[in-house]
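So the number in this note's numbering is just where the residue sits in the sequence shown, counting from 1, plus 479.
The beta carbon of each residue, even a glycine, is placed where N, CA and C say it ideally should be.
A quick note: this is a predicted structure, and the numbers were derived from the prediction, not measured.
See structure below.
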Amino acid sequence: MEAKTKAHAYPAGAAKWIIIITAISCALLEMIDATIVNVALPEISGSIGATRTEIAWVVTAYSIANAIVIPLSGMLSNLFGRKNYFTASVVVFTVCSLMCGMSTTLWTLVIWRFVQGLAGGGLLSTAQSIIIDAFPPEKINSANAIFGIGVVVGPIIGPVLGGTLVQNLSWHWIFFVNLPIGAAAALLSWMFISDLEGARKIVKMDWWGIIFLTIAVSSLQYVLEEGGAKDWFNSTSIVVLSIAAVLGSFAFITRELSTEHPAVDIRLLKNYNLALGNVINLVNGAVLMSSMFIFPLFVRVSLNWDSFQTGLYLMYLGIFCTVGIMLVKKLLDKGLSPKTTLLIGTTLISTYLFLMSFSAPGSHGRNFIFPFLVGGVGMAFFFMPVLSLSLSGLRGSELAQGAGLFNMIKRLGGAIGLAVMNIFINHQNAHVGDGVIQYANSYNPVFTERVNSFQQFFIAAGYATDDALQAAYETVSKLFTKQQLLVSYDHGYLMMSMVIILVCVPVILLIKKPKKEENIRQLTE
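Written out as structure tokens, the structure is:
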């Protein structure tokens, strides 16, 4: 078949910005819903009569469904047409939000969350390709900046919005809030978003690829999310699903490399910069998700903050990152090399994590603002160029496939990071505890002085002498436990600071400068 080159028609005027606002709104819906539920789990659990273990399925079901569909979104977009697939995803996501809010039993809610996750998986990568496709190659930094702001702000807004809705209305509204936005986005999507030019027509569905991917990703996601709670490989279910994840991954990769019409075109990873960009993306996802995991735990133990207060302070990180993205866009437009930008971003993120490792018991909220400034700007310097380098040179249907791979690997990195950080903190907690215990004896004057001080306090409060001594020991024990946790969290930050430098810098130095012709989108039919 003879291919001919034709100019790509970019949207202009009001239509262009309607498309961009629609796409970024849908991406925000998906990103917010990935985190907004977390703060409402206690209220949902009490309302529908679920245990702590059972209610975790509300989050796990969404994550597993999301992880399955994200890499398939490029194929599904080509199969049904980008406009049809994106609009249908918005509609299903919105309907599922309504049904989640109306659920009265645990498993009804879990089922609707799973379907919502399937629909949400089609929003993020497709929205990304829509935004990038709305700009000519010379304006690609503008596209990445717009998408970057949405990706950064979404997960941070989630807990704040969720906390506000739960405190002032009820947990049902964390789902109902999606309805007006989803309805408007579905209408605008149908009216203004067009199909992707140059999309490869799907002539044969790769059912085996889809089956193997589903087995691999769902098993791995479950193992990473539930492994810690089930004591890892001491649990039969974790062992079985780990084997399923390995065998499923092997079968999936073998299938996708051998079939003419793969469900996920992993051959794209032959693109040198895309492969390296995704290695960096994996580490970035792991480190940043882990840092977002540690901070709420630290301030809950140290400052007794709730999720809403924590979210308000994390907003500083989002604000600084948003400002940083606009700065990075200007620097890239003026010719700053993406490689240099990445090195600056990596250094700043490592510095942010290093500063956070000095957090102390009783730290005031203002102590976090400067590290958040460094971290927010660092994330901007990191995210923008890695996105640009990873997707440069991809055209037509490759863009949707590449975006799906990019977002899947980032999510996978986040899940791996959380699992590793849980193991690390538990190990550090035990190790630090062993060090603390050796000082907790009657031969240590500091220890005995502290116990005596607390005993006198309780005697003054009306306790009998023996009861006051017992209360003093319990108080000191609680202080030791608190100190163990806080030191473990600080060590976690320090470990992440080292990992991102030691892994990312060598990979960044291997990145090749994209050729000029790779940055010019050539759409063929």
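Apply the 10 Å Cβ neighbour rule to residue i and answer buried if 16 or more other Cβ atoms are within range, or exposed otherwise.
i, result
"V589", "buried"
"G944", "A quick correction: the sequence has Thr, not Gly, at residue 944. Label assigned to T944: exposed."
"T820", "buried"
"R890", "buried"
"Q595", "buried"
"M974", "buried"
"M670", "exposed"
"A664", "buried"
"Q935", "exposed"
"E877", "buried"
"S716", "exposed"
"Q607", "buried"
"L981", "exposed"
"F654", "buried"
"T501", "buried"
"L834", "buried"
"R734", "buried"
"Q963", "buried"
"E705", "buried"
"W562", "According to the sequence provided, residue 562 is Lys. The question's Trp does not apply to it. It is buried - the Cβ of K562 has at least 16 other Cβ atoms within 10 Å."
"M805", "exposed"
"M858", "buried"
"T532", "exposed"
Is the beta carbon of residue j closer than 9 Å to that of residue i?
i, j, result
"V986", "I759", "yes"
"S576", "N517", "no"
"I543", "Y701", "yes"
"G971", "I895", "no"
"G599", "W652", "no"
"M768", "G637", "no"
"A506", "L603", "yes"
"M863", "K808", "yes"
"L753", "G855", "no"
"Y541", "L555", "no"
"G633", "T514", "yes"
"P817", "I990", "yes"
"N750", "I888", "no"
"L884", "L747", "yes"
"F851", "L796", "yes"
"L688", "V743", "Looking at the sequence itself, residue 688 is Gly, so the reference to Leu does not match. Yes. Within cutoff."
For the alpha helix (DSSP H) containing residue i, name the first residue and the last one.
i, result
"R592", "585–612"
"R779", "751–782"
"P817", "817–835"
"T530", "Note, T530: premise wrong, no alpha helix (DSSP H); not H, not E."
"E735", "715–737"
"N846", "Neither: N846 is in no alpha helix (DSSP H) and is coded neither H nor E."
"Y792", "786–812"
"Y564", "561–581"
"Y701", "686–705"
"W669", "657–671"
"N623", "619–647"
CA-CA distance, residue i and residue j?
i, j, result
"H843", "Y968", "17 Å"
"F849", "L666", "42 Å"
"L597", "V548", "6 Å"
"S568", "G803", "31 Å"
"I499", "I609", "8 Å"
"G525", "G824", "43 Å"
"K709", "H906", "16 Å"
"G528", "T789", "27 Å"
"V631", "C800", "7 Å"
"W591", "F861", "35 Å"
"L703", "I902", "11 Å"
"L782", "L726", "45 Å"
"T566", "M578", "19 Å"
"A947", "F937", "5 Å"
"S836", "G893", "20 Å"
"F691", "L870", "26 Å"
"F572", "G661", "8 Å"
"F626", "A879", "14 Å"
"V978", "V574", "42 Å"
"I672", "I523", "37 Å"
"K495", "F614", "9 Å"
"F731", "V537", "27 Å"
"L827", "A624", "19 Å"
"A951", "N931", "8 Å"
"S838", "I773", "12 Å"
"N763", "P521", "30 Å"
Using 8 Å as the cut-off, classify the Cβ of residue i as near or not near the heavy atoms of the ligand MN, replying yes or no.
i, result
"F712", "Judged by which ligands are present, the structure shown has none, so any question about the ligand MN falls away."
Any beta-carbon of chain C closer than 9 Å to the one on residue i?
i, result
"Y541", "Of the protein chains in the structure, only one exists, and it is not chain C."
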